[in-house]
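Q:
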Amino acid sequence: MNKTLLSAVAVIALATSLSAANQYTVDKISVTAAQGTELNKEDVPDSVTIITREAIQEARVTTLEQALTRLGSLAASSNGGPGQPTSVYIRGMDSKRTLVLIDGVRYNDVTGLNGAQYPQIALYDVEQIEIIKGPQSGVWGADASAGVINIVTSRAKKGLHGSANVEYGSFDTKTASLQASYATENFDILMGGSYIQTDGFSAVEPTQESPDYGQRYDDLGLEKDAYSNKSFNAKLGWNITDFDRIEASIQSINSYIEYDSIDFGTGEPADAPNGPYTVTTNKDRFYSVAYTHNGALNDIELRYNLSTFNRSQYGGYTGSLNEVKLEDKISYMEEGFLRVGGAYQNFAQQKSAGVDLDENYNTLSAFATNYNKVELFAGKESILTESVRYDRYSDFNEKVTGKLGLKQFIYSDIFISANVGTGYNVPTLYQLYDGYAGNSAVNPESTLAYEATLGNDNLWITGFYNKVTDLIDYVPTGLYTGEFQNIEGESLLRGVEIGYKDYFLDRLGLSLNYTYLDATNADGEVLARRPKQQADASVVYYATETFDLGLNAQYIGERYDRADEQGAQTGKYTLLHFVSNVKVNDFITVYGKVDNITDRYYQSVDGYASAGRSLYLGLTASY
Numbered sequence: 201m202n203k204t205l206l207s208a209v210a211v212i213a214l215a216t217s218l219s220a221a222n223q224y225t226v227d228k229i230s231v232t233a234a235q236g237t238e239l240n241k242e243d244v245p246d247s248v249t250i251i252t253r254e255a256i257q258e259a260r261v262t263t264l265e266q267a268l269t270r271l272g273s274l275a276a277s278s279n280g281g282p283g284q285p286t287s288v289y290i291r292g293m294d295s296k297r298t299l300v301l302i303d304g305v306r307y308n309d310v311t312g313l314n315g316a317q318y319p320q321i322a323l324y325d326v327e328q329i330e331i332i333k334g335p336q337s338g339v340w341g342a343d344a345s346a347g348v349i350n351i352v353t354s355r356a357k358k359g360l361h362g363s364a365n366v367e368y369g370s371f372d373t374k375t376a377s378l379q380a381s382y383a384t385e386n387f388d389i390l391m392g393g394s395y396i397q398t399d400g401f402s403a404v405e406p407t408q409e410s411p412d413y414g415q416r417y418d419d420l421g422l423e424k425d426a427y428s429n430k431s432f433n434a435k436l437g438w439n440i441t442d443f444d445r446i447e448a449s450i451q452s453i454n455s456y457i458e459y460d461s462i463d464f465g466t467g468e469p470a471d472a473p474n475g476p477y478t479v480t481t482n483k484d485r486f487y488s489v490a491y492t493h494n495g496a497l498n499d500i501e502l503r504y505n506l507s508t509f510n511r512s513q514y515g516g517y518t519g520s521l522n523e524v525k526l527e528d529k530i531s532y533m534e535e536g537f538l539r540v541g542g543a544y545q546n547f548a549q550q551k552s553a554g555v556d557l558d559e560n561y562n563t564l565s566a567f568a569t570n571y572n573k574v575e576l577f578a579g580k581e582s583i584l585t586e587s588v589r590y591d592r593y594s595d596f597n598e599k600v601t602g603k604l605g606l607k608q609f610i611y612s613d614i615f616i617s618a619n620v621g622t623g624y625n626v627p628t629l630y631q632l633y634d635g636y637a638g639n640s641a642v643n644p645e646s647t648l649a650y651e652a653t654l655g656n657d658n659l660w661i662t663g664f665y666n667k668v669t670d671l672i673d674y675v676p677t678g679l680y681t682g683e684f685q686n687i688e689g690e691s692l693l694r695g696v697e698i699g700y701k702d703y704f705l706d707r708l709g710l711s712l713n714y715t716y717l718d719a720t721n722a723d724g725e726v727l728a729r730r731p732k733q734q735a736d737a738s739v740v741y742y743a744t745e746t747f748d749l750g751l752n753a754q755y756i757g758e759r760y761d762r763a764d765e766q767g768a769q770t771g772k773y774t775l776l777h778f779v780s781n782v783k784v785n786d787f788i789t790v791y792g793k794v795d796n797i798t799d800r801y802y803q804s805v806d807g808y809a810s811a812g813r814s815l816y817l818g819l820t821a822s823y
């Protein structure tokens with residue numbers, strides 16, 4: 201591991217590389233999901249990673265999955281190429297324990313296996329991505345026991361503005377996006393859309409037990425599995441007075457995915473022609489209407505959100521989430537506020553694998569967060585947060601969750617911070633009632649987590665400890681059958697994160713991250729598909745004001761495809777990605793990128809393919 205990692209870092213240091221200018225130079229970055237309101241990143245006790253719009257544009261990542269793994273230093277596992285089912289892990293906790301929001305609207309699929317569908321979210325309209333680690337149920341409720349990923353989309357700026365992007369590359373991949381906005385002092389409108397289409401490659405390739413392992417799909421004559429995505433968003437806003445505003449938004453995602461099946465005799469992944477069971481379409485819609493009042497002491501918001509999910513797989517899955525929320529942020533001192541509110545949520549699933557399900561449950565909640573910035577220690581700033589939330593479910597026991605946070609500056613910008621929080625994950629309707637894997641006897645799981653950090657804005661080290669009671673997991677009951685069950689007892693996920701970020705001589709930006717993870721279930725078995733060690737490194741070199749070069753490296757350590765270190769070992773590899781941007785003038789930028797420069801062969805899930813060396817060229821225009 202050490203030789204491989206040191207080699208990757210050496211290559212980066214010599215070649216110089218990727219990330220984003222503003223990722224290193226912006227002094228104040230606001231976080232909108234921490235504590236449920238907008239704060240400067242430096243004023244938040246939680247462990248927070250911000251991926252800015254500038255970082256996304258300069259790295260030329262196109263989907264949320266790519267941004268989280270390359271810029272957010274998160275681990276992931278995928279069942280094949282573009283658009284295929286993907287899990288993203290925060291400190292070893294998988295996707296269904298992470299709440300994903302798009303401008304405050306929940307994106308977690310109530311009918312699915314893995315929570316949010318990360319590969320389906322295109323980044324053409326994203327202003328920033330916030331990764332908040334640790335249980336956030338005390339602020340956001342269920343589905344946030346691992347953390348929150350909040351996607352903040354673009355807002356209209358005063359005047360007329362527009363942007364466009366086109367890109368072409370390997371696997372006959374075509375990407376295009378267009379966005380336009382207009383705003384006055386009282387009215388604003390923004391509309392945009394994107395299109396992604398690729399011939400892709402076979403979702404499956406031979407497993408490690410096969411003599412053909414290591415050969416790619418084109419060497420074996422396997423069928424390509426194509427993918428396409430059409431996304432659209434629109435926002436309208438009207439400033440009724442200087443203090444009152446009404447806004448509405450819609451986000452739609454339409455995707456087409458070809459995937460592969462399994463061999464029902466052996467249970468192994470198998471290449472399969474396109475048909476009713478190897479093609480799916482997704483039609484997801486997200487709506488929001490909100491009224492806000494920003495007064496001298498009160499910031500009041502009344503919001504209605506609706507998320508709908510519709511995918512054609514196996515005869516069809518449909519579901520929805522309705523949410524009504526009222527909250528008030530009461531500023532009672534210069535650096536202190538109390539955020540209080542209540543919400544009603546209804547989770548519904550109409551179809552499961554084509555069968556009329558018509559199941560739902562709902563919850564009523566009340567929540568409060570207190571925030572203070574004071575001087576408690578030798579004239580240095582102290583930041584304290586306390587959150588509590590009460591949820592009363594129609595089908596589960598009522599639950600109180602909460603979290604406490606402290607950030608204490610001890611010398612100059614050096615700080616120590618500590619957080620403790622509880623999480624609560626209720627089973628999804630799919631886990632309860634699906635005809636193939638559902639189990640109505642599944643109960644909610646609960647989480648208790650601690651973390652402590654020492655560092656500053658440039659260098660930090662964090663230790664974390666998560667204890668999950670009655671973990672909900674898929675348990676095989678046959679060769680290719682299984683059901684969701686509670687793993688009785690306490691599952692432990694603990695480890696250390698080390699990060700470093702700095703900017704040198706107005707030319708060179710450097711970012712390094714390392715994670716060590718020890719994740720076991722209640723039986724002491726190592727959890728599957730989580731790397732024990734992961735290292736990420738990126739550097740950006742601004743050769744001139746109009747030309748930059750970039751290289752990003754990720755090392756994935758030991759990782760096994762099944763629990764208790766069983767199955768294939770799918771880690772111990774390093775990936776390198778290169779990107780370069782050339783600013784032609786104030787309006788046009790051209791770029792090129794090479795993913796997986798060394799053409800490294802790897803599988804994050806045994807039997808499922810990953811892309812080899814891939815080349816892309818693109819152009820961005822903005823006004």
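Residues 201 to 823 in our numbering are what the sequence shown lists, from first letter to last.
Beta carbons are placed, not taken as given, at the ideal position from N, Cα and C, and that holds for glycine.
1) Look at Ser345 and Tyr624 and say whether their C-beta atoms are less than 9 angstroms apart.
2) Note down, in chain order, each residue of its chain lying with its Cβ closer than 7 angstroms to the Cβ of Tyr532, except the 5 sequence neighbours on either side.
3) Can the beta-carbon of Gly437 be found closer than 9 angstroms to that of Ala448?
4) Leaving out five residues on either side along the sequence, give the residues of the same chain with a beta carbon under 6 angstroms from the beta carbon of Ala275.
5) On the three-state DSSP scale, how would you describe Ile687?
6) Is there contact between the segment 365 to 384 and the segment 332 to 352, where contact requires at least three CB pairs shorter than 8 angstroms?
7) What is the rounded straight-line gap between the Cα of Glu725 and the Cα of Lys599?
8) In three-state terms, what does DSSP make of Tyr816?
9) Compute the Euclidean distance between the alpha carbons of Thr225 and Arg707, then round it to the nearest angstrom.
10) Out of curiosity, what's the CA-to-CA distance linking Thr481 and Ser520?
11) With DSSP run on the structure shown, which of helix, strand or coil describes Ile254?
12) How about Asp303 and Val366: do their beta carbons lie closer than 9 angstroms?
13) Please classify Gln451: does DSSP put it in a helix, a strand, or coil?
14) How many angstroms separate the CA atom of Leu323 from the CA atom of Lys430?
15) DSSP three-state label for Gln397, please.
16) Considering only the alpha carbon of each residue, which of Lys241, Tyr633 and Ala566 lies closest to Asp558?
17) Please report the straight-line C-alpha distance between Gln266 and Pro319, rounded to a whole angstrom.
18) How is the alpha helix (DSSP H) around Thr269 delimited, first residue to last?
19) Could you give the residue range of the beta strand (DSSP E) that holds Gln550?
20) Spatial neighbours of Asn222 within its chain, please: CB distance less than 6 angstroms, with the 5 preceding and 5 following residues excluded, ordered by chain position.
21) Say whether the segment 643 to 654 touches the segment 608 to 620, bearing in mind that this needs 3 or more beta-carbon pairs closer than 8 angstroms, one atom from each stretch.
22) Going along the chain, which residues of its own chain have a beta-carbon closer than 7 angstroms to the beta-carbon of Glu468, five neighbours each way excluded?
23) Terminal residues of the continuous alpha helix (DSSP H) containing Leu420?
24) Checking the sheet assignment: what are the DSSP bridge partners for Ile842?
25) Mind checking which residues open and close the alpha helix (DSSP H) that includes Leu632?
26) Among all the DSSP beta bridges, which residues are the ones paired with Ile616?
27) Can you list the beta strand (DSSP E) stretches of 3 or more residues lying completely in the segment 311 to 361, in chain order?
28) Which value, in whole angstroms, describes the spacing of the CA atoms of Gly272 and Asn498?
29) Rounded to whole angstroms, what's the CA-CA distance from Tyr413 to Arg813? Just pull it up for me.
30) Taking DSSP's pairing of strands, which residues face Gln733 in a bridge?
31) Tell me, which residues are paired with Gly663 by DSSP?
32) According to the neighbour-count rule (16 or more other Cβ atoms, all chains shown, within 10 Å of its Cβ), is Glu523 buried or exposed?
33) Excluding the 5 residues preceding and the 5 following Arg416 in the sequence, name in chain order all residues of the same chain whose CB lies nearer than 8 angstroms to its CB.
A: The answer reads as follows:
1) yes
2) Leu538
3) yes
4) Tyr289, Pro731 and Gln734
5) Correct three-state label for Ile687: strand.
6) no
7) 29 angstroms
8) strand
9) Reliability of the predicted coordinates at Thr225 is poor, the pLDDT of 43 falling under 50, and the value obtained from them is presented with this limitation in mind. Looking at the two C-alpha atoms, the distance is approximately 11 angstroms.
10) If you take the alpha carbons of Thr481 and Ser520, they lie about 17 angstroms apart.
11) Checking the sequence, you will find Glu at residue 254 rather than Ile. It is helical.
12) No; because the gap between Cβ atoms is not below 9 angstroms, this pair is not in contact.
13) strand
14) 12 angstroms
15) Note: Gln397 maps to strand in three-state DSSP.
16) Tyr633
17) 8 angstroms
18) Leu264 to Arg270
19) Looking at the DSSP string, the run of the beta strand (DSSP E) that includes Gln550 is Gly536 to Ser552.
20) Low per-residue confidence applies at Asn222: pLDDT is 41, beneath 50, and the placement is therefore not dependable enough to give any value.
21) Because the criterion of three Cβ pairs below 8 angstroms is met, the segment 643 to 654 and the segment 608 to 620 touch.
22) Correct list, in chain order: Thr407, Ile462 and Gly807.
23) Tyr417 to Leu420
24) With the chain covering 201 to 823 only, the question about residue 842 has no answer from this structure.
25) Leu629 to Tyr633
26) Gln608 and Leu654
27) 326 to 333 and 347 to 353
28) 34 angstroms
29) 18 angstroms
30) Tyr716
31) Ala652 and Val696
32) buried
33) Phe401, Glu405, Tyr801, Ala809 and Gly812
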